[in-house]
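Asker: The sequence shown begins at 529 in the numbering used here and counts up by one. We treat Cβ as the ideally placed atom computed from N, Cα and C, and that holds for glycine. Quick one: the structure is below, questions incoming.
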Amino acid sequence: MTSSKKLNQSSCFNRKGGSAIEILKIVGLALVGTFLALIVKEQKPNIAFLLVVFVGCTIFLFLVDKISEIINMLEKLAVNAKVNMVYVETILKIIGIAYIAEFAAQITKDAGQGAIASKIELAGKILILAMAIPILTVMIETIIKLIPS
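So this is what it looks like as structure tokens:
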């Protein structure tokens with residue numbers, strides 16, 4: 529079976545126009561949430577903020593299936609390429625940390641807490657660096673082995 533047939537079997541690529549409909553749903557939800565938050569903000573700013581957080585979390589939940597499909601596809605590609613799964617898992621964790629930190633920082637910025645948001649971003653960067661050290665070590669060792677003595 530060729531790699532193009534394998535990719536076409538993935539549900540991520542089977543639906544024609546599926547992504548366009550999904551983005552329309554997400555944008556529609558976001559716009560409705562934005563308009564409602566603007567209306568409510570004048571009377572109840574706390575409720576408006578909670579509405580914005582709820583809409584953000586709902587959008588994230590819309591994307592969970594896609595994220596799962598992407599992770600499964602990357603794992604299949606790694607197995608086919610005979611890549612050590614430890615590296616793939618580490619890279620996926622790094623990407624997850626980046627997205628979660630960005631999401632949390634944006635929510636805290638929306639709440640008017642820019643200082644806390646910058647600390648979340650810093651924590652995410654430090655965690656990413658800590659997780660990347662084993663991969664960087666292997667890369668450096670591999671490069672050193674390739675250099676003639």
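Which residue comes first and which comes last in the alpha helix (DSSP H) that contains Gly640?
Answerer: Run containing Gly640: none; DSSP gives neither H nor E here.
Asker: Quick check: what's the CA-CA separation for Leu564 versus Ile622?
Answerer: If I take the Cα positions, the gap works out to 35 Å.
Asker: Give the range of the alpha helix (DSSP H) segment to which Asn574 is assigned.
Answerer: 573 to 608 is the extent of the alpha helix (DSSP H) around Asn574.
Asker: Compute the Euclidean distance between the alpha carbons of Ile598 and Ala606, then round it to the nearest angstrom.
Answerer: The alpha-carbon atoms of Ile598 and Ala606 are separated by roughly 12 Å.
Asker: In this structure, does DSSP put Val614 in helix, strand or coil?
Answerer: Looking at Val614 - three-state DSSP - the assignment turns out to be helix.
Asker: Answer yes or no: do Phe590 and Ile549 have a C-beta to C-beta separation smaller than 7 Å?
Answerer: No, the Cβ-Cβ distance between Phe590 and Ile549 is not below 7 Å.
Asker: Mapping the DSSP letters down to three states, classify Ser547 as helix, strand or coil.
Answerer: Residue state, collapsed to three classes: helix.
Asker: CB-CB under 8 Å to Ile628, same chain, minus the five flanking residues each way: which ones, in chain order?
Answerer: Gly652, listed in sequence order.
Asker: Determine the closest residue to Phe577 out of Ala639, Ile619, Ala633, Met659, with distance taken between C-alpha atoms.
Answerer: When only C-alpha atoms are compared, the closest one is Ala639.
Asker: Under the rule that 16 or more other beta-carbon atoms within 10 Å means buried, what is Gly561, buried or exposed?
Answerer: Gly561 is buried by the Cβ-count criterion.
Asker: Between Leu602 and Ile672, what straight-line distance do the alpha-carbon atoms span, to the nearest angstrom?
Answerer: Each residue's alpha carbon lies about 28 Å from the other.
Asker: Going by the beta-carbon positions, is the gap between Ile656 and Ile635 smaller than 7 Å?
Answerer: Not closer than 7 Å, so no.
Asker: Given a threshold of 16 other Cβ atoms within 10 Å of its Cβ, counted over all protein chains shown, does Ile648 qualify as buried or as exposed?
Answerer: Ile648 is buried by the Cβ-count criterion.
Asker: Short of 6 Å in beta carbon distance, which residues of its chain neighbour Ala645, apart from the five on each side in sequence? Order them along the chain.
Answerer: Ala633, Thr636, Lys637.
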